[in-house]
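Residue numbers (the working numbering): -19 to 165.
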């Protein structure tokens, strides 16, 4: 599988968690509770899978490879993606703080959960669209078949180093579990 197809496949998992968070924020906005472990589970997913593994593959391997092939970092799509990764981390930090308070029964955390959850959902959906439709096709144009194969190998190494064996499967199990909860609302 090509390096960009690996990343696109990971995007589908991220989108599943974004859907879960979006439904949870709607439920909170309607004045209803959500399981106290839902947002901490989402934060764990976003930190471990989305940022710790997926973004690491992009920031440490794909983006530098594209830069070496002449795609500028500053003023171009790579710079925008990096800025959005940082914006996402800010949303996730705020979501984590609010999730911790909510899990302890602090209902005053609900507005922060809604605001940061929705902010992250909106940001990441637009971000994924840009990567899938602009950045990844550009990468496919500038990278050789050999460079692509090397990136795929490096992605596998990052996945094992960052999340450990079986962690992607665990994250997908969390997605399945949370989707079942949301489907019952």
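Every residue, glycine too, gets a C-beta built ideally from N, C-alpha and C.
Computed from a prediction, not measured in an experiment: that's the story for all the values here.
Proximity of residue i and residue j at Cβ, strictly below 8 Å
{"i": "residue 122", "j": "residue 75", "result": "no"}
{"i": "residue 65", "j": "residue 39", "result": "yes"}
{"i": "residue 51", "j": "residue -2", "result": "no"}
{"i": "residue 131", "j": "residue 5", "result": "no"}
{"i": "residue 102", "j": "residue 33", "result": "no"}
{"i": "residue 37", "j": "residue 116", "result": "no"}
{"i": "residue 112", "j": "residue -17", "result": "no"}
{"i": "residue 99", "j": "residue 71", "result": "yes"}
{"i": "residue 162", "j": "residue 3", "result": "yes"}
{"i": "residue 165", "j": "residue 49", "result": "no"}
Nearest residue (CA-CA) to residue i, options the options
{"i": "residue 89", "options": "157, -4, 13 and 163", "result": "13"}
{"i": "residue 104", "options": "79, 69 and 78", "result": "69"}
{"i": "residue 42", "options": "87, 162 and -14", "result": "-14"}
{"i": "residue 56", "options": "114, 73 and -6", "result": "114"}
Closer than 8 Å to chain B by CB, residue i
{"i": "residue 51", "result": "Absent from the structure is chain B; it holds one protein chain and no more."}
Burial state of residue i (16 or more Cβ within 10 Å)
{"i": "residue -10", "result": "buried"}
{"i": "residue 85", "result": "exposed"}
{"i": "residue 96", "result": "buried"}
{"i": "residue -19", "result": "exposed"}
{"i": "residue 79", "result": "buried"}
{"i": "residue 61", "result": "buried"}
Supposed close pair residue i, residue j - CB separation, criterion 8 Å
{"i": "residue 0", "j": "residue 158", "result": "5 Å"}
{"i": "residue -8", "j": "residue 155", "result": "With a Cβ gap of about 10 Å, residue -8 and residue 155 do not count as contacting."}
{"i": "residue 29", "j": "residue 151", "result": "5 Å"}
{"i": "residue 148", "j": "residue 141", "result": "Not a contact, Cβ separation roughly 13 Å."}
{"i": "residue 82", "j": "residue 16", "result": "6 Å"}
Proximity test, residue i beta-carbon vs the ligand ATP heavy atom, cut-off 7 Å
{"i": "residue 16", "result": "No copy of the ligand ATP appears in this structure; indeed no ligand is present at all."}
Below 8 Å, how does it come out for the stretch 14 to 33 and the stretch 107 to 121: are there three or more Cβ pairs, yes or no? Per the Cβ contact rule, the stretch 14 to 33 is not in contact with the stretch 107 to 121 (fewer than 3 Cβ pairs under 8 Å).
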